[in-house]
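So the structure is just underneath, and the comments pick up after that.
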Amino acid sequence: MLPTIAILGRPNVGKSTLFNRLVGRKIAIVDDTPGVTRDRKEAETRIAGRAVRLLDTAGLEEAAPETIQGRMRASSEAAVREADLVLFIVDVRAGLTPSDRAFAEWLRRQTVPVVLVANKTEGRLGGYAAMEAYELGLGDPVAVSAEHGDGIGELHDAVREHLPEEPEERDDPERPLRLAIIGRPNAGKSTLLNALLGEERMITGPEPGLTRDSVAVEWTDPTGGKVRLVDTAGLRKRARIEQALEKMSTAASIAALKECEVAILVVDALQGMDEQDLRLARLAEREGRAVVLAFNKWDAVEDRAAARRRLDDVLTASLAQLRGLPVVPLSAQTGRGVERLMPAVREAYALWNRRIPTGELNRWFEAMLTRHQPPLADGRRIKLRYATMPKARPPTVAIFGTRAEQLPEDYRRYLVNGFREAFGMPGVPIRLNLRGTSNPYAEAEG
1 MLPTIAILGR PNVGKSTLFN RLVGRKIAIV DDTPGVTRDR KEAETRIAGR AVRLLDTAGL
61 EEAAPETIQG RMRASSEAAV READLVLFIV DVRAGLTPSD RAFAEWLRRQ TVPVVLVANK
121 TEGRLGGYAA MEAYELGLGD PVAVSAEHGD GIGELHDAVR EHLPEEPEER DDPERPLRLA
181 IIGRPNAGKS TLLNALLGEE RMITGPEPGL TRDSVAVEWT DPTGGKVRLV DTAGLRKRAR
241 IEQALEKMST AASIAALKEC EVAILVVDAL QGMDEQDLRL ARLAEREGRA VVLAFNKWDA
301 VEDRAAARRR LDDVLTASLA QLRGLPVVPL SAQTGRGVER LMPAVREAYA LWNRRIPTGE
361 LNRWFEAMLT RHQPPLADGR RIKLRYATMP KARPPTVAIF GTRAEQLPED YRRYLVNGFR
421 EAFGMPGVPI RLNLRGTSNP YAEAEG
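full-length UniProt numbering numbers the first residue of the sequence shown as 1 and each following residue consecutively.
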């Protein structure tokens, strides 16, 4: 069962705007819940990288139970009882009202965790206005503008703290690998798509869980594996898919990255890797996706050694978190080198799914500690005890020990780079969870 998140607040504070912002236009509202008030809506979406059920409640107002407003309030309160997390939203432009304070007090008596959302903070004074929300006693407010999208990343981070780890999908050989093709305009994304697909292998059809206008592009790659290109919503004709790929914005790239497992980042080899390319690569890493770099237009590069050297220098200097990122030089236009792309994608996918047995992991961990002991923190020793790998997709290492959470950033990089090198995971995002405890063996793994 998916975790349920309810958006709560008095009318007109921006609940539906926030709901639409979190859901996105490409995901359909799956239920207008019959038998309750007209304004409650539900959708399944992804927040903070996890699948959730999101409820947009009718609104909280002080009213008699038999009135429409009273029934709306009852429906909203019922949603709180269903929820695993509540987003309580206030309008900082209007300021706190007696209703805000009353419902905040009611929420504090409930057992469900609450994230306080200070909405309408756009403009120079919005951040200051959000400070008033501290008075509600619901913790630090997350300042957002649901209308403009400001602060939504911070809201995702706040929500992530309250959501359980998503159960890992079993690697079903019959299930298509979910692939995204990202890159700046005119890097050759649509040409590469054509080279990968071949007209006879292209299949379009309804995407489950999305709007009726959304389609997926599926094909069978030369290895015989099924592949699905994600985030082609609303595109029923090949020409429209090509056009949309070339015009894909950063926002659309983020949406694609949330749904894919492997991202192909298409870089124009004639122009080299620029800041926009790096930003897309960092987005992919932040979402925990495996990345393969397609170095396109390779046939037109005159000094290939210099071009490759410049690319390697940029990757080393600016993308250390994806060290060893696989690079496939190719020409989407002529097809040369394209045959190496999907094997690289499959290899990246396998590494992204890889788990290291606990015994082998701890032998590596002990060797790392022997080679380089953790530094002191505030004059006190950091004592690291043991490591586990609670999940893959992406590979995640949990390290337990006294004051483990105080490890400095350079030592964290030392561990991540050592893990990547020891277990052969080039270009795969690595997550490091530090769990400090005075008695780490008493903590449950999870």
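Don't be surprised by glycine CBs; every beta carbon is placed ideally from N, CA and C. Just so it is clear, the structure is predicted and the values come from calculations on it, not from any experiment.
When you compare each of the options to residue i by their alpha carbons, which one comes out closest?
i, options, result
"Ser331", "Ala269, Thr316 and Arg310", "Ala269"
"Asp91", "Arg431, Gln276 and Pro141", "Pro141"
"Arg21", "Arg81, Ala146 and Ala180", "Ala146"
"Arg354", "Leu196, Leu369 and Arg393", "Arg393"
"Ala180", "Arg336, Ala281 and Arg381", "Ala281"
"Val117", "Glu154, Trp106 and Gly335", "Glu154"
"Pro390", "Ile254, Arg431 and Gln271", "Arg431"
"Asn417", "Gln406, Val397 and Glu405", "Val397"
"Asp84", "Ala377, Val52 and Ala143", "Val52"
"Ser99", "Arg10, Arg160 and Gly24", "Arg10"
"Leu54", "Leu197, Arg413, Ala377 and Leu163", "Leu163"
"Asn433", "Gln271, Arg412, Met425 and Val112", "Arg412"
State the CB to CB distance for the pair residue i and residue j, rounded to an integer number of angstroms; the pair is presumed to be in contact (CB under 8 angstroms).
i, j, result
"Thr57", "Lys15", "7 angstroms"
"Ala158", "Leu136", "Not confirmed; about 15 angstroms, so no contact."
"Cys260", "Arg289", "6 angstroms"
"His156", "Ala43", "With a Cβ gap of about 16 angstroms, His156 and Ala43 do not count as contacting."
"Ile399", "Arg435", "7 angstroms"
"Val267", "Leu192", "No, Val267 and Leu192 are not in contact; Cβ-Cβ is about 11 angstroms, not under 8 angstroms."
"Val328", "Ala294", "6 angstroms"
Could you spell out where the beta strand (DSSP E) holding residue i opens and where it closes?
i, result
"residue 447", "Absent from the model: residue 447. The displayed extent of the chain is 1 to 446, so no value can be given."
"Asp277", "That residue, Asp277, is in no beta strand (DSSP E); its alpha helix (DSSP H) goes Glu275 to Arg286."
"Arg371", "No beta strand (DSSP E) holds Arg371; the alpha helix (DSSP H) holding it covers Thr358 to Arg371."
"Glu218", "Ser214 to Thr220"
"Lys120", "It is not in any beta strand (DSSP E) - Lys120 carries neither H nor E in the DSSP assignment."
"residue 465", "Because the chain spans 1 through 446 in this model, residue 465 falls outside it and cannot be assessed."
"Thr45", "Lys41 to Ile47"
"Arg178", "Leu177 to Ile182"
"Val338", "That residue, Val338, is in no beta strand (DSSP E); it is neither H nor E in DSSP."
"Val397", "Thr396 to Thr402"
Mark residue i as exposed unless 16 or more other C-beta atoms lie within 10 angstroms of its C-beta, in which case mark it buried.
i, result
"Pro326", "buried"
"Arg403", "buried"
"Asn12", "exposed"
"Arg236", "At Arg236 the pLDDT is 35, less than 50, meaning the model places this residue with poor confidence; the figure from the coordinates comes in the next sentence. Counting Cβ neighbours within 10 Å, Arg236 comes out exposed, since fewer than 16 surround it."
"Leu8", "buried"
"Trp219", "buried"
"Asp303", "exposed"
"Asp277", "buried"
"Gly151", "buried"
"Asp231", "Annotation note: pLDDT 41 at Asp231 (below 50); position unreliable, coordinate value reported separately. It is buried - the Cβ of Asp231 has at least 16 other Cβ atoms within 10 Å."
"Ile5", "buried"
"Leu283", "buried"
"Arg178", "buried"
"Leu210", "Because Leu210 sits at a pLDDT of 28, beneath the cut-off of 50, its placement in the model cannot be relied upon, and the following sentence gives the value as read from the coordinates. Under this definition Leu210 is a buried residue."
"Arg420", "buried"
"Glu287", "buried"
"Gly401", "buried"
"Met131", "exposed"
"Asp410", "exposed"
"Trp106", "exposed"
"Thr121", "buried"
"Gly183", "buried"
"Glu82", "exposed"
"Ala195", "buried"
"Pro395", "buried"
"Thr17", "buried"
"Gly139", "exposed"
"Pro429", "buried"
"Pro306", "Per the sequence shown, residue 306 should be read as Ala rather than Pro. When all chains shown are included, Ala306 counts as exposed."
"Pro374", "buried"
"Gly427", "buried"
"Arg228", "buried"
"Glu285", "buried"
"Met1", "exposed"
"Ala367", "exposed"
"Ala102", "exposed"
From which residue to which residue does the alpha helix (DSSP H) around residue i run?
i, result
"Asp56", "That residue, Asp56, is in no alpha helix (DSSP H); its beta strand (DSSP E) goes Arg50 to Asp56."
"Val314", "Arg304 to Ser318"
"Ile152", "Ile152 to Arg160"
"Val112", "Taken as a continuous stretch (DSSP letters only), Val112 belongs to no alpha helix (DSSP H), as it is neither H nor E."
"Lys189", "Lys189 to Leu197"
"Val416", "Glu409 to Ala422"
"Ala348", "Leu341 to Trp352"
"Asn20", "Lys15 to Val23"
Check your understanding: Okay, do the stretch 342-361 and the stretch 381-389 touch, 3+ Cβ pairs below 8 angstroms being the bar?
Key -> yes
Practice item. Examine the Cβ distances between the stretch 313-323 and the stretch 343-352 and report whether three or more of them are shorter than 8 angstroms. Key: no
Review point. Does the stretch 175-187 touch the stretch 298-312, meaning 3 or more C-beta pairs lie closer than 8 angstroms?
Key: no
Review point. Given 8 angstroms as the limit, is there contact between the stretch 216-231 and the stretch 338-348, that is, 3 or more CB pairs closer than that?
Key: yes
Point to revise | the stretch 360-378 contacting the stretch 307-316, beta-carbon criterion three pairs below 8 angstroms | key: no
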